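*Asks:* For the sequence shown, my numbering gives the first residue as 12, with consecutive numbering after it.
Glycine included, each C-beta is placed from N, C-alpha and C at the ideal position.
It should be emphasised that the depicted structure is a prediction, and the values quoted were computed from it without experimental measurement.
What follows is a single structure, and I will ask about it in a moment.
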Amino acid sequence: MKTITRSLGLLVWLAMTTVHAQVPAPLPPFTVYGKAANWSGRAFSSNDAAAVVAKINGVEMDRCQVVSGIYPELNYRVHIPMASAPTPGRGVVGDPLTFEVYYDGTMHTVMNGTSNPVVGETATALQCNLIVGTDSAGDGLPDEYKQLLLPYYIAAGWGTDLSDILPEHDFDGDDYSNYQEFLAGTIPVDGSDYPRIHDIFPAGSNSVGVAFLAAPGRTYTLPRSDNLVSNQWTDAELSLSSNVPPNRTFYGSEKDQIVTLYLFPTNQAAFRLDVR
Ligand SMILES: [Ca+2]
Ligand SMILES: [Ca+2]
């Protein structure tokens with residue numbers, strides 16, 4: 012008799028567990044914030060009446076108006092409702108995020124594809140800068156950018172139409188393609204302008220300065236690898252000053268300018284400059 016009672020108790024407990032599993036608890040939201048800018052890197056202001064929509068698998072999770080200067084470098088912020096298990100209208104850790112940006116009355120394509128962003132842990136945040144334009148060819152190079160290139164293509168006999176301008180072309184022969192130069196914000200018709208580090212120098216007793224020409228609307232990181240054989244890279248902690256301990260992993264540029272970021276390596280490692 013005792014055994015039967017215990018078994019019933021176990022069944023009730025299992026049933027209750029099942030009920031709980033079917034109703035995932037709402038959790039604090041996951042926040043995505045950043046700077047939305049047009050194809051040239053100009054950040055949208057409140058006057059542009061632009062809006063950012065965040066989606067998971069095609070379903071809208073949140074939207075917001077772009078507002079100038081929420082914080083320095085930032086003009087939009089959306090909150091992804093979260094749940095502990097897949098739930099309609101909510102996200103779970105690892106869900107892929109996509110964005111749409113509306114201005115001038117139409118949806119524009121996000122061109123810079125910030126590293127395939129995914130939903131992170133509840134109550135945390137991710138910075139995701141968005142560069143948007145019109146991409147009628149679907150090749151990643153904005154139509155607006157091609158319009159600027161077209162006169163150079165015509166003059167050089169490379170083509171007469173936007174469809175003649177290909178992302179993989181290296182028009183100015185500096186070993187960086189049109190698409191790479193678009194991402195980096197360098198000039199694709201000037202062979203002396205291309206993505207590069209201008210200087211690396213010791214700064215103080217334990218930091219190293221890395222100077223480069225930054226372009227508006229672009230975000231820069233300095234990934235670090237302790238083992239080039241395994242080719243594993245993680246964004247290094249860095250600072251905007253050799254006197255301030257590392258406090259960030261990225262730098263978002265507002266304009267064309269020489270920027271110096273400071274690394275604080277404690278052992279030998281390889282670093283590279285990434286731009287997106
Ligand atoms: Ca080039
Ligand atoms: Ca160039």
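Compute the beta-carbon to beta-carbon distance between residue 143 and residue 119, rounded to the nearest angstrom, for a pair I have assumed lies under 8 Å.
*Replies:* 4 Å
*Asks:* So, is residue 101 buried or exposed, given that buried needs 16 or more other C-beta atoms within 10 angstroms?
*Replies:* buried
*Asks:* State buried or exposed for residue 264, treating a residue as buried only when at least 16 other CB atoms are found within 10 Å of its CB.
*Replies:* Residue 264 is buried by the Cβ-count criterion.
*Asks:* Bridge partners for residue 248 per DSSP, in chain order?
*Replies:* In DSSP, residue 248 forms no bridge with anything.
*Asks:* Which stretch, first to last residue, makes up the beta strand (DSSP E) that contains residue 225?
*Replies:* 218 to 225
*Asks:* Using only the heavy atoms of ligand 2, determine whether one of them is closer than 7 Å to the beta carbon of residue 192.
*Replies:* Residue 192 has its Cβ nearer than 7 Å to a heavy atom of ligand 2.
*Asks:* Take residue 160 and list the residues in its own chain whose beta-carbon comes closer than 8 Å to its own, dropping the five residues that flank it on each side.
*Replies:* 176, 182, 189, 199, 200
*Asks:* For residue 42, I'd like the list of residues in its chain whose CB is within less than 7 Å of its CB, leaving aside the five on either flank, ordered along the chain.
*Replies:* Excluding its 5 nearest sequence neighbours in each direction, residue 42 has C-beta neighbours in its own chain below 7 Å: 88, 90, 136, listed in chain order.
*Asks:* Tell me whether residue 152 sits in a helix, a strand or coil according to DSSP, three-state version.
*Replies:* coil
*Asks:* How many angstroms separate the CA atom of residue 262 from the CA atom of residue 186?
*Replies:* 25 Å
*Asks:* Helix, strand or coil: which one does DSSP assign to residue 87?
*Replies:* strand
*Asks:* Got a sec: does ligand 1 put a non-hydrogen atom nearer than 7 Å to the Cβ of residue 199?
*Replies:* yes
*Asks:* Is any non-hydrogen atom of ligand 2 found closer than 7 Å to the C-beta of residue 204, if you look at the structure I gave you?
*Replies:* yes
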